[in-house]
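Numbering (the numbering used here) for the sequence shown: 44 to 446.
Yeah, the Cβ is synthetic: ideal placement off N, Cα and C, and Gly gets one too.
Notes for the one structure printed next.
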Amino acid sequence: MQILKFPEGFLWGAASSAYQTEGNNTNADWWIWEKSQKRAEFLKTRQNPAAQYISGVATDFYHRFDEDFSLAHQLNHNASRFGIEWSRIEPKEGMFSEEAFDTYEKILQSAKFHNLTVFLTLHHFTCPVWFMQKGGFAKKQNLEYYLRYVKVVAERLGEYVDFWMTFNEPEVYATHAYFLGIFPPQIKSAFTAFKVVNNLIAGHNRAAPILKQITGKPVSMAFHLSDLQPAGPLGGLVKNLAHYLANEYILRRTVDACDYIGVNYYEHHHLTLFGFRKHSHTSHDATDMGWGIHPEGLERVLLYVQKYNKPIYVSENGLADSKDIKRERYIKDHLYYVHQAIQKGADVRGYLYWSLTDNFEWQHGFWPRFGLIEIDREDLLRRKIRPSALAYAKVCKENQLEY
Ligand code: BGC
Numbered sequence: 044m045q046i047l048k049f050p051e052g053f054l055w056g057a058a059s060s061a062y063q064t065e066g067n068n069t070n071a072d073w074w075i076w077e078k079s080q081k082r083a084e085f086l087k088t089r090q091n092p093a094a095q096y097i098s099g100v101a102t103d104f105y106h107r108f109d110e111d112f113s114l115a116h117q118l119n120h121n122a123s124r125f126g127i128e129w130s131r132i133e134p135k136e137g138m139f140s141e142e143a144f145d146t147y148e149k150i151l152q153s154a155k156f157h158n159l160t161v162f163l164t165l166h167h168f169t170c171p172v173w174f175m176q177k178g179g180f181a182k183k184q185n186l187e188y189y190l191r192y193v194k195v196v197a198e199r200l201g202e203y204v205d206f207w208m209t210f211n212e213p214e215v216y217a218t219h220a221y222f223l224g225i226f227p228p229q230i231k232s233a234f235t236a237f238k239v240v241n242n243l244i245a246g247h248n249r250a251a252p253i254l255k256q257i258t259g260k261p262v263s264m265a266f267h268l269s270d271l272q273p274a275g276p277l278g279g280l281v282k283n284l285a286h287y288l289a290n291e292y293i294l295r296r297t298v299d300a301c302d303y304i305g306v307n308y309y310e311h312h313h314l315t316l317f318g319f320r321k322h323s324h325t326s327h328d329a330t331d332m333g334w335g336i337h338p339e340g341l342e343r344v345l346l347y348v349q350k351y352n353k354p355i356y357v358s359e360n361g362l363a364d365s366k367d368i369k370r371e372r373y374i375k376d377h378l379y380y381v382h383q384a385i386q387k388g389a390d391v392r393g394y395l396y397w398s399l400t401d402n403f404e405w406q407h408g409f410w411p412r413f414g415l416i417e418i419d420r421e422d423l424l425r426r427k428i429r430p431s432a433l434a435y436a437k438v439c440k441e442n443q444l445e446y
């Protein structure tokens, strides 16, 4: 067994998003869409009886944040990534909610009280209904609304935030909402999806100086970065093209307006001339959702982003594992490769497991269980610490991995 030490001051914790945990975000596009006819049609194509597709009260984080941060603290986390919901802050165009600001202030104060360094995400897949009625991020002129929201939040809540994240995974949002049609507004147009990606890039580049100027705190976003490997004839060519589109396109255009790089890592694919072989050509272990587990890929992704010479934080990495039989191994294996990347020169300064608690997994509903902490949906959303959370807590406490 080796003892792998992490750099001093390394940030350890977990990540979550507002809509997936807060509950009752009645002014969000998702809330309305979940109950719409359009969505009902889409659900006919999904056959998982265990799924609960309505977010409802989610994990009730909006009221139970103190309990959750206290658990994170008990688990030796020193950082937390979570989000705020634009549709709560600005439920109607130009109308900012004092109630929402008060609650978010309490949430942020609670995080600080529990000694958590805060990464705050401003947009994580959801938008206010009124904003979507105006065309959402498909219209460039609508960026003005997003920038106004960003400015108000920076002024009102900036004192509690250590790291800003303007957007979570712009291309995942754009492809799911505007190309695959599995998120609202359920559109299937490659052209619109591409427009949305470019508008989000512009949104980030314009939001970053506002956040910097008002708060002086580092700004980035959570980039969805995948480990892509070639397979078969012409696989190399396909890989290069896919890598450019999936990993490079947004990063290159926003990196100058990033003080650090947030890396969300879940995916590893082998690319062939005819697309990608899902997850692997070998027999990688898989999560409850069938996603291949491939920790080595994280090292490659981290070394790849190192070329931009910015501090790197793993802003998401995790798995659905309801029985908690793979999570400890998963975390330790990924951390081993984070450590390898650091040894080879990547400036990685933190790791945030996805997610602190089980939560609403978007189009899949509640059945995928990503949490370090179980949410018992049969028992008043009782929080139960999973054994893997304790194994991770030891790593966080000692700032080292026994491997
Ligand atoms: C998203 C999360 C999601 C997780 C697991 C990430 O890409 O940011 O919202 O829950 O993947 O699917």
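Pick from Thr315, Asn121, Thr88: whose alpha carbon is nearest that of Ala154? Asn121
Mind reading off the beta-carbon distance from Lys369 to Asp328? Whole number of angstroms is fine, and I expect it under 8 Å.
-> 7 Å
Practice item. Report the partner residues of Ser263 according to the DSSP bridge assignment. Key: Met208
**Prompt:** What separation, rounded to the nearest whole angstrom, lies between the Cα atoms of Thr164 and Asn241?
**Reply:** 19 Å
In chain order, each alpha helix (DSSP H) run of at least 4 residues that lies wholly inside the stretch 138-217: 141-156, 172-176, 186-200
Exercise for review: Under 6 Å Cβ to Cβ from Lys437, same chain only, skipping five residues before and after it: list those, please.
Suggested key: none
DSSP three-state assignment for His247, whether helix, strand or coil
helix
**Item:** Check: His267 C-beta below 7 Å from any heavy atom of the ligand BGC
**Value:** yes
#### Entry: Same chain only: Cβ atoms within 7 Å of Gly305, ignoring 5 sequence neighbours per side
Met208, Ser263, Met264, Ala265, Phe266, Tyr356, Ser358
- Under 7 Å from any heavy atom of the ligand BGC, does the C-beta of Val215 make it? yes
Quick one: using the 10 Å Cβ neighbour count with 16 as the cut-off for buried, is Ala57 buried or exposed?
-> buried
- Message: Let's see if you can read the secondary structure: which residues bound the beta strand (DSSP E) around Tyr356?
- Response: 355-359
Per-residue burial, Pro171 [other beta carbons within 10 Å of its own, 16 or more giving buried]:
buried
| query | Within the present structure, is the beta-carbon of Ser123 separated from the nearest heavy atom of the ligand NAP by less than 7 Å? | reply | This structure simply doesn't include the ligand NAP; it includes the ligand BGC instead.
Assign His337 to one of three DSSP states: helix, strand, or coil.
coil
| task | Could you tell me how far apart the beta carbons of Ile253 and Val193 are, in whole angstroms, since I believe they sit closer than 8 Å? | result | 6 Å
Going by beta-carbon coordinates alone, are Asn67 and Lys440 separated by less than 8 Å?
no
Can we count Ser365 as close to the ligand BGC, meaning its CB is less than 7 Å from some heavy atom?
no
Exercise for review: Indicate, with yes or no, if the ligand BGC has a heavy atom lying under 7 Å from the CB of His311.
Suggested key: no
### Message
Taking the alpha-carbon of Lys238 as reference, which of Ala217, Phe226, Met332, Lys78 has the nearest alpha-carbon?
### Response
Ala217
CA nearest to the CA of Tyr309, picked from Gly278, Gly333, Gly361: Gly361
So the beta strand (DSSP E) Glu445 belongs to, where does it begin and stop?
-> 443-445
I think Val381 touches Leu345, with their Cβ atoms under 8 Å apart; what is that distance to the nearest whole Å? 7 Å
- Task: Report back the beta-carbon spacing between Phe168 and Asn211 to the nearest angstrom; my notes put them in contact at under 8 Å.
- Result: 7 Å
Count the other CB atoms within 10 Å of the CB of Ala101; is the residue buried (16 or more) or exposed (fewer)? buried
Task: Cut-off 8 Å between Cβ atoms - residues of its own chain near Ile225, not counting five sequence neighbours on either side - done: Phe85, His219, Gln406
**Request:** Can you say whether Lys282 is buried or exposed, counting buried as having 16 or more other CB atoms within 10 angstroms of its CB?
**Result:** buried
Which same chain residues end up closer than 7 Å to Lys387 when comparing Cβ atoms and leaving out the 5 residues on each side of it in sequence? Leu346
**Report entry** Residue nearest to Leu424 in terms of C-alpha spacing, selected from Phe409, Pro228, Leu433, Ala432
**Finding:** Phe409
Alpha carbon of Leu186 to alpha carbon of Asn442, nearest angstrom:
41 Å
- Query: Contact check, Pro354 vs Asp390 under 8 Å by CB: the rounded distance?
  - Reply: 5 Å
Quiz prompt | Backbone secondary structure at Asn497 - three-state DSSP | solution = Within the shown structure, residues of the chain are numbered from 44 to 446, placing residue 497 beyond reach of any answer.
request  = Could you tell me if the beta carbon of Trp73 falls within a distance shorter than 7 Å of some heavy atom in the ligand BGC?
outcome  = no
- Closest by CA to Leu277, which one among Trp74, Phe317, Leu243? Phe317
query: If you check the beta carbons only, do His311 and Gly335 fall under 8 Å apart?
result: yes
Between which residues of its own chain and Asp419 is the CB-CB distance below 7 Å, once the five residues before and five after are set aside?
Arg425, Lys427
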